[in-house]
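Heads up, the sequence shown is in my numbering, so the first residue is 2 and it goes up one at a time.
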Amino acid sequence: MLKSLYKNVRLSGQLEVRRNRNRNYLMELTNENLLLPYYLEAGLRAITYLPENLHNGWDSPLSQIRGTVLGHWLSSASQIFAETGDVELKARIDYIVSELAKCQKENGGEWCFSIPEKYLYWIKRGKHVWAPHYVCHKTMMGLLDAYRFAGNEQALEIVKNAAKFFLRFTDDITPEQMKRMMWEETGGIMELFADLYAITKDPDHLVLVKRYERKEMYELLEAGEDPLTNMHANATVPEIHGAARAYEVTGDERYRWLVERYWDLAVRKRGTFATGSQTSGEIYTPIGREASRLSKTNQEHCFVYNMMRLANYLFSWTGQKEYADYWERNLYNGLMAQGYWEESGFEQIGVYTAHRKKGYVAYHLPLHAGARKVWGSATGDFWCCHCTLMQANAFYPQSLYYQNGNEIIVAQYQDSSVNFDVNGVKVFLKQYYDPETGEIVRIDKVNREVLSHPSYKKMNIEVNCEKSTVFSLAFRCPWWLSDKMKIIINGQPVDFSENERGFAVIEREWNRDKVEIILPKGISIWPLADRKDTVAFLDGPVVLAGLVDEERTIYYTNKPEEVLERYDERIWSIWQENWKTVNQPVNFIFKPLYEIGYETYTTYFPIKKIT
2 MLKSLYKNVR
12 LSGQLEVRRN
22 RNRNYLMELT
32 NENLLLPYYL
42 EAGLRAITYL
52 PENLHNGWDS
62 PLSQIRGTVL
72 GHWLSSASQI
82 FAETGDVELK
92 ARIDYIVSEL
102 AKCQKENGGE
112 WCFSIPEKYL
122 YWIKRGKHVW
132 APHYVCHKTM
142 MGLLDAYRFA
152 GNEQALEIVK
162 NAAKFFLRFT
172 DDITPEQMKR
182 MMWEETGGIM
192 ELFADLYAIT
202 KDPDHLVLVK
212 RYERKEMYEL
222 LEAGEDPLTN
232 MHANATVPEI
242 HGAARAYEVT
252 GDERYRWLVE
262 RYWDLAVRKR
272 GTFATGSQTS
282 GEIYTPIGRE
292 ASRLSKTNQE
302 HCFVYNMMRL
312 ANYLFSWTGQ
322 KEYADYWERN
332 LYNGLMAQGY
342 WEESGFEQIG
352 VYTAHRKKGY
362 VAYHLPLHAG
372 ARKVWGSATG
382 DFWCCHCTLM
392 QANAFYPQSL
402 YYQNGNEIIV
412 AQYQDSSVNF
422 DVNGVKVFLK
432 QYYDPETGEI
442 VRIDKVNREV
452 LSHPSYKKMN
462 IEVNCEKSTV
472 FSLAFRCPWW
482 LSDKMKIIIN
492 GQPVDFSENE
502 RGFAVIEREW
512 NRDKVEIILP
522 KGISIWPLAD
532 RKDTVAFLDG
542 PVVLAGLVDE
552 ERTIYYTNKP
562 EEVLERYDER
572 IWSIWQENWK
582 TVNQPVNFIF
592 KPLYEIGYET
602 YTTYFPIKKI
612 T
């Protein structure tokens, strides 16, 4: 099993920008409003006034799932602290945990949640309540992450005490009752108890893991059936996370088989939209059926994030590039397209916009013609996707670098650095994107050599060691390469073959080395599974959106990929990612889907060859 090096990763570039936006948003949310439903449930507050910026939407005091935001907040803040050592966040984490401990004490020593216990007893006897297990999972998840990532021991004790309630609550439960309770959406509670068992080794916690299996889904997977079509997709992904983590903590191969069967059914057989993701109206589309499911409600943000987490599980077990490719594609066309969007800052050349437009999170990513993203507000919505937004922009370090003995795997090409030990030697690796633009106020040679937008992505990687040592660096060969990847070490091209896992592995003695990774890319098309003459355009892994409010047929003579050319490609030292059509009745502009804010756009276009 590969070991993620997340503990030693530091972000830079675009991921650091998004992490910082996330951190700033976390700091905007107040302790009082985050804790309010917990205080009210524990009888620690009697509010006779309307608090400033009181949470509305799904986290309002009248919502049956109030309080879920706090769990996501704790998880996100703890992961950011683990990366950055942010003392302000750490102080808030510790304070919130201490207040939850007070709530737990007032509730009798076990219950630490934002909803009443009776919600669980209601669903136990068959009365519908909106997802009480889901709410409890989020709180315990946040607390456990406060322990794992921020070292808060009190948080672990709160979760251990809460687990006593769930053990007693499920002692007399029948299989039929558990089946019905699972219909109310339980979130990742099985995974949570597996995480807890990994820490405590308490057999009671393993009992809870097994009790909270989604047996109905697992049995259908084992029977070779499809339990996913037209199913609430994101309800099932955390349930398969439970199997994934159960495999890791028990070694039971049945759990791994279930995870691999789920992936095969959800991704390989079902197919994805051009974005690399799935869902319409929050449900899985039927296998091979996409055209009739293009809508305002494609690609739920929570689903994107949770499937990326599932890809991480599978990558750590197999090292296969398929899963890292999936992660990268959903980063650009999911998390970046649906979260923390901000206007570039320049309405036109030379005019700075002081008050830029922004969007927090888009619950869905519409893929129909003439689409517009709907952005949630800071405190007025708090959809489930609003909550996973916080975690999604904190978990990046977990997915970039892995270690397997003397092999270090560069799974993603993102600006970042990592340090690790190999052969008892400390190594520091830094990678950064090289735009090859040069300085514009100097006489810079690169400005005379690189005259147009490069048709490749270039990453520079610096490797420095305490002393020279032999180990392997494995570089992913992405699915979207338009030609063979090039590796240059200290100015000299290196021969390599892509191995069975989809990586170029270079074993040598390393120290004070500079590696250049050249990733050729170009325009490609991605047709709908059931309408091959309707396609989306991609630049490498990035989906391009046409800035038109209707479906338009695109005409071509040779290849449809040739109808796009670079447009407005550079501003100062920045290559822009704009394209436009050529030889169309009316030409129009394309830009990356992740750059779309409030514009109207279209993703899929009918194509027709002119003879």
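The beta-carbon is built from N, C-alpha and C at its ideal position, and this holds for glycine as well.
Short of 7 Å in beta carbon distance, which residues of its chain neighbour residue i, apart from the five on each side in sequence? Order them along the chain.
{"i": "residue 142", "result": "72, 76, 189 and 193"}
{"i": "residue 602", "result": "372, 546, 547 and 548"}
{"i": "residue 238", "result": "304, 307, 308 and 311"}
{"i": "residue 396", "result": "80"}
{"i": "residue 44", "result": "107"}
{"i": "residue 30", "result": "74"}
{"i": "residue 531", "result": "289, 290, 291 and 292"}
{"i": "residue 240", "result": "191, 215 and 218"}
Let me know if residue i comes out buried or exposed under the rule of 16 or more other beta-carbons within 10 Å of its beta-carbon.
{"i": "residue 176", "result": "exposed"}
{"i": "residue 592", "result": "buried"}
{"i": "residue 161", "result": "buried"}
{"i": "residue 494", "result": "exposed"}
{"i": "residue 52", "result": "exposed"}
{"i": "residue 174", "result": "exposed"}
{"i": "residue 91", "result": "buried"}
{"i": "residue 289", "result": "exposed"}
{"i": "residue 2", "result": "exposed"}
{"i": "residue 122", "result": "exposed"}
{"i": "residue 70", "result": "buried"}
{"i": "residue 452", "result": "exposed"}
{"i": "residue 586", "result": "exposed"}
{"i": "residue 328", "result": "buried"}
{"i": "residue 377", "result": "buried"}
{"i": "residue 387", "result": "buried"}
{"i": "residue 442", "result": "exposed"}
Does the separation of the CB atoms of residue i and residue j fall below 8 Å?
{"i": "residue 195", "j": "residue 210", "result": "yes"}
{"i": "residue 187", "j": "residue 256", "result": "no"}
{"i": "residue 471", "j": "residue 517", "result": "no"}
{"i": "residue 178", "j": "residue 119", "result": "no"}
{"i": "residue 535", "j": "residue 609", "result": "no"}
{"i": "residue 335", "j": "residue 300", "result": "yes"}
{"i": "residue 537", "j": "residue 544", "result": "yes"}
{"i": "residue 197", "j": "residue 159", "result": "no"}
{"i": "residue 407", "j": "residue 473", "result": "yes"}
{"i": "residue 595", "j": "residue 391", "result": "no"}
{"i": "residue 116", "j": "residue 67", "result": "yes"}
Sort out for me which residues DSSP pairs residue i with in a bridge.
{"i": "residue 383", "result": "Note: residue 383 sits in no beta bridge, so no partner."}
{"i": "residue 360", "result": "342"}
{"i": "residue 499", "result": "505"}
{"i": "residue 463", "result": "431 and 515"}
{"i": "residue 576", "result": "571"}
{"i": "residue 547", "result": "591 and 603"}
{"i": "residue 474", "result": "409 and 507"}
{"i": "residue 609", "result": "556"}
{"i": "residue 582", "result": "565"}
{"i": "residue 1", "result": "Because the chain is modelled from 2 through 612, residue 1 falls outside the range shown and cannot be assessed."}
{"i": "residue 404", "result": "4 and 409"}
{"i": "residue 285", "result": "230"}
{"i": "residue 529", "result": "532"}
{"i": "residue 417", "result": "12 and 432"}
{"i": "residue 539", "result": "525 and 544"}
{"i": "residue 376", "result": "363"}
Should residue i be listed as close to the ligand SAM, given that the test is whether its C-beta is under 7 Å from any heavy atom?
{"i": "residue 333", "result": "Annotation note on the ligand SAM: not contained in the displayed structure, which lists no ligands."}
Excluding the five sequence neighbours on either side, which residues of its own chain have a C-beta within less than 8 Å of the C-beta of residue i, listed in chain order?
{"i": "residue 350", "result": "Residue placement at residue 350 cannot be trusted, given a pLDDT of 46 that sits under 50; what the coordinates show is reported in the next sentence. Once the five neighbours on either side are set aside, the close Cβ partners of residue 350 are 572."}
{"i": "residue 381", "result": "57 and 58"}
{"i": "residue 589", "result": "547, 548, 549, 553, 581 and 582"}
{"i": "residue 352", "result": "Residue confidence for residue 352 is low, a pLDDT of 47 falling below 50, so the modelled location carries little weight; the figure read from the coordinates is stated next. So the list is empty, once near-sequence residues are dropped."}
{"i": "residue 564", "result": "555, 556, 557, 582, 583, 584 and 585"}
Kindly list the residues whose CB is nearer than 6 Å to the CB of residue i, restricted to its own chain and excluding five residues on each side of it in sequence; keep chain order.
{"i": "residue 541", "result": "481 and 522"}
{"i": "residue 113", "result": "101, 104, 105, 159 and 163"}
Evaluate contact between the region 92-104 and the region 48-58, counting only Cβ atoms and requiring at least three cross-stretch pairs below 8 Å.
-> no
Cβ contact (3+ pairs, closer than 8 Å) linking the region 496-507 and the region 539-552 | no
Below 8 Å, can you find three or more Cβ-Cβ pairs linking the region 318-331 to the region 569-580?
-> With the cut-off at 8 Å, the region 318-331 and the region 569-580 do not touch.
Touching by the beta-carbon criterion (3+ pairs, under 8 Å), the region 425-436 and the region 455-467 | yes
Can you find at least 3 beta carbon pairs, one from the region 478-497 and one from the region 521-529, that sit closer than 8 Å?
-> yes
Can we say the region 361-381 touches the region 257-273, given the rule of at least three CB pairs closer than 8 Å?
-> no
For the region 449-457 against the region 29-47, are there 3 or more C-beta pairs whose distance is under 8 Å?
-> no
Stretch pair the region 258-265 + the region 278-289: three plus CB contacts closer than 8 Å | Counting C-beta pairs closer than 8 Å gives fewer than three between the region 258-265 and the region 278-289, which falls short of the contact rule.
Between the region 396-412 and the region 11-20, do three or more beta carbon pairs fall short of 8 Å?
-> The region 396-412 vs the region 11-20: in contact.
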